[in-house]
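Asker: Residues 13 to 211 (the UniProt record's numbering) make up the sequence shown, in order.
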Amino acid sequence: RRVVLATRNAGKITELRRILAGASVPVEIVGLEEFPEIGDVAETGLTFAENALLKAHTVARLSGLPAIADDSGLCVDALNGMPGIFSARWSGTHGDDKANLNLLLAQVSDVPREHRGAHFACAAALAWPSGEERVVEGALRGVIIDAPRGTGGFGYDPIFVPEGETRTTAELSPDEKDAISHRGRAFRALAPIMAESFA
Ligand code: ITT
C-alpha cells in the first residue's frame, strides 16, 4: 500500500499529504527523497493532465511502486490562459515563486478589475508500474488583485482571491484552502479511485 508522491514542490507536498490524510486514503505516502536515483521529469506535455501523467508514469516505472503526481497552475483570462502549464517557470527560473508572482502582477497591472478573472487548475494523476493510469482535474475560479496579501499557501496564492471570498488563498486557513482549492477538488476525486484500487 505504498504510493510515491511524484513531486518536488514543497508547497504541494504539504497540501497533498494533508488532503489525502483528510480523504482517509488507506496508503502510506512515500516521498521522492527515498528514490535519489530518480531525476527531474521533463514536463513536455501540452496540458496539465498530460504533464501529471508523464510525472506519475515515470516515477511509477522507476520506483516500481504506484505513483501520484500533481500538475497545476494559474490560468489568467487576460493573458489567454497563461501562465497555465508554465506557472512554475513563468519568470524563467523554475520554482522562483516570488519572481513568478511579481512578473504576473506587472503583466496584469493595466488590466481593469472587471477583467481580472483567472482560475487555478490541477490535474491529479495515478499511475502503476504496469502502465495503468487514472487522471482527474479540479479548478478554482477567482480574480487577480493588485498587491500580494497573506503568508499561507505558496506560489501565486498571495494575489488570488477566490470567487465569493474577500481574502486571498494565502489568507485562508489550510483547511479553508483545501476545501475549495483546485488541488483539494482533484485529489478528493482521486481518493475513491485510490481506495478502490488498493482495497
Ligand atoms: P513538481 O513538478 O515537482 O510537482 P512544480 O512546481 O514544477 O513541481 P508544476 O509544474 O505543476 O509543479 O507547477 C505548479 C506551479 O503552479 C507552482 O509552482 C505555482 O507557481 C503554481 N501553483 C499551483 N498550485 C498552486 C496553488 O495552490 N497556489 C498557488 N500557486 C499554485
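Beta carbons are placed, not taken as given, at the ideal position from N, Cα and C, and that holds for glycine. Since this is a predicted model, take the numbers as computed values, not measurements.
Less than 7 Å separating the Cβ of Gly85 from some heavy atom of the ligand ITT?
Answerer: True, at least one ligand heavy atom lies under 7 Å from that Cβ.
Asker: Would you mind stating whether Ala135 and Glu145 have Cβ atoms separated by less than 8 Å?
Answerer: No, the Cβ-Cβ distance between Ala135 and Glu145 is not below 8 Å.
Asker: Where does Ser142 sit, in a helix, a strand or coil, going by DSSP?
Answerer: DSSP places Ser142 in coil when its eight states are reduced to three.
Asker: Measure from the alpha carbon of Ser193 to the alpha carbon of each residue in Val123, Gly165, Trp102, Thr105, then state which is nearest.
Answerer: Comparing Cα-Cα distances from Ser193 to each of Val123, Gly165, Trp102, Thr105, the minimum goes to Gly165.
Asker: Please name the residue in Leu116, His127, Phe98 whose C-alpha comes closest to that of Gly154.
Answerer: The candidate whose alpha carbon is nearest that of Gly154 is His127.
Asker: If you count every other CB in all the chains shown that lies within 10 Å of the CB of Asp169, and 16 or more means buried, which is it?
Answerer: That one is buried.
Asker: Leaving out five residues on either side along the sequence, give the residues of the same chain with a beta carbon under 8 Å from the beta carbon of Arg13.
Answerer: Once the five neighbours on either side are set aside, the close Cβ partners of Arg13 are Pro38, Val39, Glu40, Phe210.
Asker: Sort Phe47, Lys67, Pro48 by Cα distance to Thr56 and report the nearest one.
Answerer: Nearest of Phe47, Lys67, Pro48 to Thr56, Cα basis: Lys67.
Asker: For the ligand ITT, I want to know if Asn21 counts as a neighbour, meaning its beta carbon is within less than 7 Å of at least one of the ligand's heavy atoms.
Answerer: True, at least one ligand heavy atom lies under 7 Å from that Cβ.
Asker: Could you compute how far the alpha carbon of Phe172 sits from the alpha carbon of Asp158?
Answerer: About 10 Å.
Asker: Should Phe132 be listed as close to the ligand ITT, given that the test is whether its C-beta is under 7 Å from any heavy atom?
Answerer: Yes - the ligand ITT has a heavy atom lying nearer than 7 Å to the Cβ of Phe132.
Asker: According to DSSP, is Ile31 part of a helix, a strand, or is it coil?
Answerer: Helix.
Asker: Since Val120 is in the alpha helix (DSSP H), which residue starts that stretch and which ends it?
Answerer: Per DSSP, Val120 belongs to the alpha helix (DSSP H) from 109-120.
Asker: Do Leu152 and Pro124 have their CB atoms nearer than 8 Å?
Answerer: It is not a contact, given that the beta carbons lie outside the stated cut-off.
Asker: With a threshold of 8 Å between beta carbons, is Gly43 in contact with chain D?
Answerer: Looking at the structure shown, chain D is missing, and only one protein chain is on hand.
Asker: Determine, using beta carbons only, whether Arg195 and Ile31 come nearer to each other than 8 Å.
Answerer: Yes, these two residues count as a Cβ contact at 8 Å.
Asker: Between which two residues does the alpha helix (DSSP H) carrying Phe199 extend?
Answerer: 194-209 is the extent of the alpha helix (DSSP H) around Phe199.
Asker: Exposed or buried, what is Asn92 when buried is set at 16 or more other beta-carbons lying within 10 Å of its beta-carbon?
Answerer: With fewer than 16 other Cβ atoms within 10 Å, it is exposed.
Asker: At 4 residues or longer, and completely inside the stretch 157-187: list those alpha helix (DSSP H) runs for me, N to C.
Answerer: Segments of the alpha helix (DSSP H) lying fully in the stretch 157-187: there are none.
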